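Engineer: Before I ask anything, here is the structure I am working with.
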Amino acid sequence: MSLPLVDIPFEVRHHCWFCGEPCNLQFDYHAPTHAGHPSLSVPACKECRDLAKIQPLTSLYECRTAVKDALMRRYVKHLAIGLNWTKEELEQADFTCKTLQSFQRSAWFMYEIAKDRINFAGWPLVLDGVPLAQTLPDTRFSFDGINFSSVFAAIEHYGKAMALDKSFLSGIVAIIGKQRFGYAIRLARLHLVSDAATKRQVIRELLQDQSTAS
């Protein structure tokens with residue numbers, strides 16, 4: 001038996017609920033008893049549908065978070081384009097190699113597509129006119145134009161994209177707070193080749209600074 005399809009706003013008909021890409025498929029979510037919402041179907045592109053099947057978790061909202069995190073891991077190189085270049089820098093770059101010229105033509109487009117898919121918020125789940133409650137706490141975190149499912153997801157992303165020590169970055173953020181995430185990244189990059197003892201000393205100094213400030 002087919003599951004009921006969620007109500008779809010007119011402006012996003014034929015778009016994936018997970019990432020906003022055009023689609024003509026559906027993902028059937030068979031909700032466990034503790035999901036807080038009934039079993040239902042949402043529009044989905046093939047990539048997101050396949051990812052969602054792997055990560056059903058405890059509700060469709062948790063499933064969406066897992067899909068977003070999987071997309072971020074899959075397209076980390078595309079998202080890294082925005083870390084290393086601006087649109088103007090790419091347009092003005094004087095590449096002579098054909099491979100780099102091809103990169104120049106497509107890179108920013110690939111970055112924007114990846115960013116838009118990650119940032120797409122979907123639409124509220126409504127079934128036959130009745131809104132479905134969202135049971136997950138809001139852990140979303142935004143930095144540098146990208147919406148992450150959590151601070152942890154942001155640490156994972158920048159750790160991989162910039163080859164940073166994720167444990168070190170996580171420790172910095174835990175001390176100074178997510179509101180200073182940019183500073184945490186700069187500090188982690190500054191100590192990219194530092195040994196473990198130096199990093200431990202940095203953490204101790206940050207803790208001392210926080211203790212003095214409080």
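Those letters in the sequence shown? Residues 1 to 214, per full-length UniProt numbering, in order.
Here a beta-carbon is modelled for each residue, glycine too, at the ideal position from N, C-alpha and C.
Note that the structure is a prediction, hence the values are computed from the model and not measured.
I'd like the span of the beta strand (DSSP E) that includes Q26, first residue to last.
Structural biologist: 25 to 29
Engineer: Kindly provide the ranges of any beta strand (DSSP E) runs that are 3 or more residues long and lie completely inside the stretch 112 to 169, ordered along the chain.
Structural biologist: Complete beta strand (DSSP E) runs here, min 3: 141 to 143, 146 to 148.
Engineer: Whose C-beta lies closer than 7 Å to the C-beta of E156 among residues of the same chain, with five residues either side of it excluded?
Structural biologist: Closer than 7 Å at Cβ, skipping near neighbours: K166.
Engineer: Mind checking which residues open and close the alpha helix (DSSP H) that includes L83?
Structural biologist: 76 to 84
Engineer: Between which residues of its own chain and T86 is the CB-CB distance below 6 Å, once the five residues before and five after are set aside?
Structural biologist: none
Engineer: How would you label C67, buried or exposed, when you count the other beta carbons within 10 angstroms and need 16 or more for buried?
Structural biologist: Going by the sequence as given, residue 67 is Val instead of Cys. The residue in question, V67, is buried, as its Cβ has 16 or more Cβ neighbours within 10 Å.
Engineer: Spell out the partners DSSP gives V42 in its beta bridges.
Structural biologist: F27
Engineer: Count the other CB atoms, across all protein chains shown, that sit within 10 Å of the CB of F109; report buried if there are 16 or more and exposed otherwise.
Structural biologist: exposed
Engineer: DSSP three-state call for L190: helix, strand or coil?
Structural biologist: helix
Engineer: Cβ atoms of L164 and A196: under 9 Å apart, would you say?
Structural biologist: no
Engineer: Would you call P131 buried or exposed, if buried means 16 or more other Cβ atoms sit within 10 Å of its Cβ?
Structural biologist: It is exposed - the Cβ of P131 has fewer than 16 other Cβ atoms within 10 Å.
Engineer: Which same chain residues end up closer than 8 Å to H14 when comparing Cβ atoms and leaving out the 5 residues on each side of it in sequence?
Structural biologist: P22, C23, N24, P43
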